[in-house]
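Chemist: So the sequence shown is residues -26 to -1, 1 to 90, counted in mature numbering (1 follows the signal peptide of the UniProt record, and there is no 0).
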Amino acid sequence: MRLYRRLAAATAAVLFVIAVPYEALSSSPAREDPGADPFGAACRVRTAGSRVTAYCHNPYPEPDRLQLHIECLRWWDLDGDSAPVTAGPATTVRLTGRCWHEVGAVWVSHARAGAR
C-alpha cells in the first residue's frame, strides 16, 4: 500500500511537469495581446542547482530590453536582478544569475528599448 502511494505521487508529479504547456513557462508581451504590435523576445530559462541561465531571442524588428529576476528560496539568501540587456532584432542574448542555495522563482521582464 505504501509503495502504491509513492508511485501514485511520483506519477502525478511527472504528469504535471509534462502537462504544463511551454507557453506558460515562457511568456512574452507579444503573446498577451494578439492585436498589439509584435514585440518581445521569447525566453527559455534553465535552472541548474543554484545557477540560472536564460536565453532570449528577439525575432521582431524593435529592440527589447530584458532583465533577469531571481527570487531565492531561503529568507537569508539575497534575491538578484541582472543588469538590463538590449536584444536587438534577430538577436539572442544570455542572462545569468545565481542564489547561494536553492532558487525559488525566476522570471524575465521585457521593456521597449526607448522606455526607461
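Backbone N, C-alpha and C fix where the C-beta goes; we use that ideal spot for every residue, glycine too.
Computed from a prediction, not measured in an experiment: that's the story for all the values here.
#1: To the nearest angstrom, how far is the alpha carbon of Asp11 from that of Cys46?
#2: Given this structure, state the Cα-to-Cα distance separating Trp49 from Leu40, to the nearest angstrom.
#3: Got a sec? Which residues, its chain only, sit under 6 Å from Pro63 by beta carbon, not counting five neighbours each side?
#4: Are the beta-carbon atoms belonging to Leu42 and Val82 less than 9 Å from one another?
#5: Looking only at its chain, what residues have a beta carbon closer than 6 Å to the beta carbon of Thr27, apart from the 5 residues adjacent to it on each side?
#6: May I have the straight-line CA-CA distance separating Asp38 from Tyr29, to the nearest angstrom?
#7: According to DSSP, is Tyr29 helix, strand or coil?
#8: Which whole-angstrom value is the C-beta distance of Ala79 and Asn32, which I expect to be below 8 Å?
#9: Excluding the 5 residues flanking Arg72 on each side, which residues of the same chain have their C-beta closer than 7 Å to its C-beta?
#10: Under a Cβ-count criterion, where at least 16 other Cβ atoms within 10 Å of its own Cβ denotes burial, should His75 be classed as buried or exposed?
#11: Any idea which residues DSSP pairs Leu48 with across the strands?
#12: How big is the Cα-Cα spacing for Val59 and Val67?
Modeler: Inspection of the coordinates gives the following:
#1: Here residue 11 refers to the residue found at position 37 when the sequence shown is read from its first residue. Here residue 46 refers to the residue found at position 72 when the sequence shown is read from its first residue. Straight-line Cα distance between these residues: approximately 34 Å.
#2: For the purposes of this step, residue 49 is taken as residue 75 along the sequence shown, with counting starting at 1. For the purposes of this step, residue 40 is taken as residue 66 along the sequence shown, with counting starting at 1. Roughly 26 Å between the two C-alpha positions.
#3: Along the sequence shown, read from residue 1 onward, the residue named residue 63 stands at position 89. Residues of the same chain with a CB within less than 6 Å of the CB of Pro63, apart from the 5 flanking positions on each side, are Pro35 in chain order.
#4: Working through the sequence shown from its first residue, we reach residue 42 at position 68. Working through the sequence shown from its first residue, we reach residue 82 at position 108. Yes, Cβ-Cβ distance for Leu42 and Val82 is below 9 Å.
#5: What you label residue 27 is simply residue 53 of the sequence shown in a count that begins at 1. The residues are Arg20, Thr70.
#6: For the purposes of this step, residue 38 is taken as the residue at position 64 of the sequence shown. For the purposes of this step, residue 29 is taken as the residue at position 55 of the sequence shown. If you take the alpha carbons of Asp38 and Tyr29, they lie about 13 Å apart.
#7: Numbered from 1 along the sequence shown, position 55 holds the residue referred to as residue 29. Reduced to three states, the DSSP call for Tyr29 is strand.
#8: Within the sequence shown, the letter at position 105 stands for residue 79. Within the sequence shown, the letter at position 58 stands for residue 32. Approximately 23 Å separates the beta-carbon atoms of Ala79 and Asn32; this is outside 8 Å, ruling out the contact.
#9: Sequence index remark: in the sequence shown, residue 72 carries index 98 (1-based). Once the five neighbours on either side are set aside, the close Cβ partners of Arg72 are Ser24, Arg25, Val26.
#10: On the sequence shown, residue 75 is found 101 positions in, with the first residue counted as 1. Result: exposed.
#11: The residue you call residue 48 lines up with position 74 of the sequence shown. Residue identity differs from the one stated: residue 48 is Arg in this sequence, not Leu. Bridge partners of Arg48: none, in fact.
#12: Residue 59 sits at position 85 when you count from the first residue of the sequence shown. Residue 67 sits at position 93 when you count from the first residue of the sequence shown. Those two C-alpha atoms are separated by around 8 Å.
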